[in-house]
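Enquirer: Under this note's numbering, the first residue of the sequence shown carries the number 15, and numbering increases by one thereafter. Quick reminder that beta carbons are idealized off the backbone N, C-alpha and C, glycines included.
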Amino acid sequence: MGTYRKGNAFYKKSNRKNDDPGHRNMIIAITSGKGGTGKTTLAVSLFHYLAEAKNEPVQLVDCDVEEPNCALFLQTEKTGEHRVDIRIPVINPEACTFCGKCHEICAFQAVIMLPPASFIEVVEEQCHGCGACSYVCPEHAITENDREIGKISFFRYREPDDFLEGRLKVGSALQTRVIRELLEQVNSRGTVLLDAPPGASCPVVAVISQADYVLMVTEPTPYGLNDLQIMVETVRQIGKKAGVVVNRTGLDYAPLYAYLQQENIPVLAAIPFHRKYAEAYAEGMILSEAFPEIREMMQSIVKAIGS
Ligand code: SF4
Ligand code: SF4
Numbered sequence: 015m016g017t018y019r020k021g022n023a024f025y026k027k028s029n030r031k032n033d034d035p036g037h038r039n040m041i042i043a044i045t046s047g048k049g050g051t052g053k054t055t056l057a058v059s060l061f062h063y064l065a066e067a068k069n070e071p072v073q074l075v076d077c078d079v080e081e082p083n084c085a086l087f088l089q090t091e092k093t094g095e096h097r098v099d100i101r102i103p104v105i106n107p108e109a110c111t112f113c114g115k116c117h118e119i120c121a122f123q124a125v126i127m128l129p130p131a132s133f134i135e136v137v138e139e140q141c142h143g144c145g146a147c148s149y150v151c152p153e154h155a156i157t158e159n160d161r162e163i164g165k166i167s168f169f170r171y172r173e174p175d176d177f178l179e180g181r182l183k184v185g186s187a188l189q190t191r192v193i194r195e196l197l198e199q200v201n202s203r204g205t206v207l208l209d210a211p212p213g214a215s216c217p218v219v220a221v222i223s224q225a226d227y228v229l230m231v232t233e234p235t236p237y238g239l240n241d242l243q244i245m246v247e248t249v250r251q252i253g254k255k256a257g258v259v260v261n262r263t264g265l266d267y268a269p270l271y272a273y274l275q276q277e278n279i280p281v282l283a284a285i286p287f288h289r290k291y292a293e294a295y296a297e298g299m300i301l302s303e304a305f306p307e308i309r310e311m312m313q314s315i316v317k318a319i320g321s
């Protein structure tokens, strides 16, 4: 009988390298309830500001693995890449006695078996590579092959600051696994910015659970408020400190501010809706580099967070 694999991130409680109190870092997760709110704009602006302002290392980690796009704004040099694999079981029907143990233990219904037809197979797309079926098989009928589910790329920004990107392989649904492996690479010192995926589902929880502070980006619309409320609930359940950046202010939506006041959630910055920002974004510019007023906002955010 086999053993659960070491290094299987799926079962890890914490993967932070900064558990040593002598090597404390500050991790800020940047989130938004939905895509298109300005989360990446804020992440790269904050990264650029911190890289210029801090003497210690600053790291940006693009955890939006389905659609990573921080790299579009940064002039970086790629320094490495590694594959993220899972171990996919392969069942030998000759050795299998169709006892059903692998089928029963699989939490993802990935083992299909039809004993009368002597048929047993693993549906790769549903398999999470947890190793449980191999572990329970009494006949040693299960071997395993590597299957790529994504990639992690390493980039140098400006010494000593770096940038990491996780990218999910097209067709794979294992975002959280790629994110967990990405999070194992975060710096143990300095400031780390995690650009989280949009929404409030498992991949986002995986990111914010590693953070010291959650910066939630929203916009003053009914949709923005609705998504923010879900995000606030999630962040509170995990027990993280949090603040809000309101993007595209101008056509202000009063219920958003009433909610923030009622819930005692600080607004750390309000970025006005302005054509010049939209044009700069479309040209791949970093707003805090292009506009002094945005740089000042980044400075206030950092001061408020205490990074
Ligand atoms: S490795 Fe885990 S997820 Fe995949 S088939 Fe086996 S029990 Fe199911
Ligand atoms: S646990 Fe092993 S022997 Fe039992 S059904 Fe699965 S592969 Fe076959």
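Could you pull out every residue in the same chain whose Cβ sits closer than 7 Å to the Cβ of Glu303, ignoring the five residues on either side in sequence?
Expert: Within the sequence shown, residue 303 is the residue found at index 289, counting from 1. His62.
Enquirer: Could you check if Ala121 is buried or exposed, using at least 16 other CB atoms within 10 Å of its CB as the buried criterion?
Expert: Within the sequence shown, numbered from 1, the residue matching residue 121 stands at position 107. Per the 10 Å Cβ criterion, exposed.
Enquirer: Using three-state DSSP, classify Phe87 as helix, strand or coil.
Expert: Mapped onto the sequence shown, residue 87 falls at position 73. Note: Phe87 maps to helix in three-state DSSP.
Enquirer: Within this structure, are the beta carbons of Thr54 and Asp160 separated by less than 7 Å?
Expert: The count along the sequence shown starts at 1 and reaches residue 54 at position 40. The count along the sequence shown starts at 1 and reaches residue 160 at position 146. No.
Enquirer: Which one or two residues does DSSP pair with Val281 in a beta bridge?
Expert: Walking along the sequence shown from the start, residue 281 turns up at place 267. In the DSSP output, where bridge partners are listed per residue, Val281 has Val258.
Enquirer: Comparing alpha-carbon positions, which option in Arg191, Gln276 and Pro234 lies nearest Val221?
Expert: Position 207 of the sequence shown, counting from 1, holds the residue named residue 221. Closest by alpha carbon: Arg191.
Enquirer: On the DSSP letters alone, give me the boundaries of the beta strand (DSSP E) that Tyr227 sits inside.
Expert: On the sequence shown, residue 227 is found 213 positions in, with the first residue counted as 1. Run containing Tyr227: Tyr227 to Thr232, per the beta strand (DSSP E) assignment.
Enquirer: One question on the structure: do Pro286 and Thr263 come within less than 7 Å of each other, judged by their Cβ atoms?
Expert: Position 272 of the sequence shown, counted from the first residue, corresponds to residue 286. Position 249 of the sequence shown, counted from the first residue, corresponds to residue 263. Yes, they are a contact pair.
Enquirer: CB of Gly143 to nearest heavy atom of ligand 1: below 6 Å?
Expert: Working through the sequence shown from its first residue, we reach residue 143 at position 129. Yes; taking the cut-off as 6 Å, the Cβ of Gly143 has a heavy atom of ligand 1 nearer than that.
Enquirer: Comparing alpha-carbon positions, which option in Ser46, Gly50, Asn39 and Met40 lies nearest Ala292?
Expert: If you number the sequence shown from 1, residue 292 lands on position 278. It is Gly50 whose Cα lies nearest to the Cα of Ala292.
Enquirer: By Cβ distance, which residues of its chain are closer than 7 Å to Pro129, with the 5 residues on each side in sequence left out?
Expert: The residue labelled residue 129 in the question sits at position 115 within the sequence shown. Only Phe112 meet the Cβ criterion.
Enquirer: Is Arg172 helix, strand or coil when you go by DSSP?
Expert: For this step, residue 172 is matched to residue 158 along the sequence shown. Here Arg172 sits in coil by DSSP.
Enquirer: In terms of residues, what are the limits of the alpha helix (DSSP H) holding Ser59?
Expert: In the sequence shown, residue 59 corresponds to position 45, counting from 1. Residues Lys53 to Ala67.
Enquirer: Looking at the strands, I want to know which residues DSSP matches up with Phe305.
Expert: Position 291 of the sequence shown, counted from the first residue, corresponds to residue 305. According to DSSP, Phe305 bridges with nothing at all.
Enquirer: Tell me which residue opens and which closes the beta strand (DSSP E) that Asp76 is part of.
Expert: By one-based count along the sequence shown, residue 76 stands at place 62. Its beta strand (DSSP E) spans residues Val72 to Asp76.
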